[in-house]
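Peer 1:
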Amino acid sequence: MSWTIWIWGMPSEMPRPVSEPLHCFGRVPEVRSFSQWKPKEWFTWLVKGLGRVFHFPKPADIYDANWRKEVQMPAYIVACGRIDDQDRFNVYMKGVADTMEPFGGKPLAVEDSAEVLEGHPPYPRVVVVEFPTMDDAKNWYHSNDYQAVLGHRLASSEHVLYVMNGFGPSE
Numbered sequence: 004m005s006w007t008i009w010i011w012g013m014p015s016e017m018p019r020p021v022s023e024p025l026h027c028f029g030r031v032p033e034v035r036s037f038s039q040w041k042p043k044e045w046f047t048w049l050v051k052g053l054g055r056v057f058h059f060p061k062p063a064d065i066y067d068a069n070w071r072k073e074v075q076m077p078a079y080i081v082a083c084g085r086i087d088d089q090d091r092f093n094v095y096m097k098g099v100a101d102t103m104e105p106f107g108g109k110p111l112a113v114e115d116s117a118e119v120l121e122g123h124p125p126y127p128r129v130v131v132v133e134f135p136t137m138d139d140a141k142n143w144y145h146s147n148d149y150q151a152v153l154g155h156r157l158a159s160s161e162h163v164l165y166v167m168n169g170f171g172p173s174e
């Protein structure tokens, strides 16, 4: 008794017996009689062939170590305040921009009389500054350069400063 297994490939191809070598599955395990049937050998041949046909990724490709890297979130400093001495505050404004550059800080919004949609704000002036990370924002605030000009702001105005994390990765 002779067994022949047929496999169809592309629709344009004619069926061919499994005993022929297939380009993607490699050499077919030979079976001359049912007593020589080795399921493990056939299963290995089939799995390897399917892997070549469908290009299954290796586990190392799926579980790349980079998926665990820490995402850097931007941080924001929000200042709400009132200016009492404009001349002295201008001295602060001239010096503060240069102190932010080394830490990646960039002003996003400055408004002397922000429109209030809800509640009663303690101060009319709002400033929003973005930093690449929370550490950069805190390091800027505690830096010697910023502390040198901070005295002008404290003497000329009254402010509340908030520092908070953003939602998305910094660019």
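Numbering-wise (this note's numbering), the sequence shown opens with residue 4 and increments by one. Positions of the beta carbon are idealized from the N, C-alpha and C atoms, including for glycine.
Quick one: is Y149 buried, meaning 16 or more other Cβ sit within 10 Å of its Cβ, or exposed?
Peer 2: When all chains shown are included, Y149 counts as buried.
Peer 1: Between which two residues does the alpha helix (DSSP H) carrying A158 extend?
Peer 2: 147 to 159
Peer 1: Tell me which residue opens and which closes the beta strand (DSSP E) that F106 is part of.
Peer 2: Counted as a single uninterrupted DSSP element, the stretch harbouring F106 is not any beta strand (DSSP E), since DSSP gives it neither H nor E.
Peer 1: Look at the alpha carbon of M167 and the alpha carbon of H123, and state the distance between them as a whole number of angstroms.
Peer 2: Spanning the alpha carbons of M167 and H123 requires a straight line of approximately 21 Å.
Peer 1: Would you check if the stretch 155 to 164 and the stretch 79 to 87 touch, i.e. whether three or more CB-CB distances between them fall below 8 Å?
Peer 2: yes
Peer 1: Specify the secondary structure class of F170 as computed by DSSP and reduced to three states.
Peer 2: coil
Peer 1: Identify which residue in L120, F170, E121, A151 has its Cα closest to the Cα of K175.
Peer 2: An answer regarding residue 175 cannot be provided, because it is not within the stretch 4 to 174 covered by the chain.
Peer 1: Distance, Cα to Cα, T102 vs N147?
Peer 2: 9 Å
Peer 1: Just to confirm, is the Cβ distance from A134 to G108 under 9 Å?
Peer 2: Correcting the residue identity first, residue 134 is Phe in this sequence and not Ala. Yes.
Peer 1: In terms of DSSP beta bridges, what is V113 paired with?
Peer 2: V130
Peer 1: Leaving aside the five residues before and after G169 along the sequence, list all residues of the same chain whose C-beta is less than 7 Å from its C-beta, in chain order.
Peer 2: Here G169 has M76, P77, A78, Y79 as same chain residues with Cβ atoms under 7 Å from its own Cβ, once five neighbours each way along the sequence are excluded.
Peer 1: Taking the beta carbon of D139 as the centre, do at least 16 other beta carbons fall within 10 Å, making it buried, or is it exposed?
Peer 2: buried
Peer 1: For G122, name the three-state secondary structure that DSSP assigns.
Peer 2: coil
Peer 1: For V119 and P125, I'd like the C-alpha separation in whole angstroms.
Peer 2: The straight-line gap from Cα to Cα measures roughly 11 Å.
Peer 1: Sort K141, K51, E114, H145 by Cα distance to V131 and report the nearest one.
Peer 2: E114
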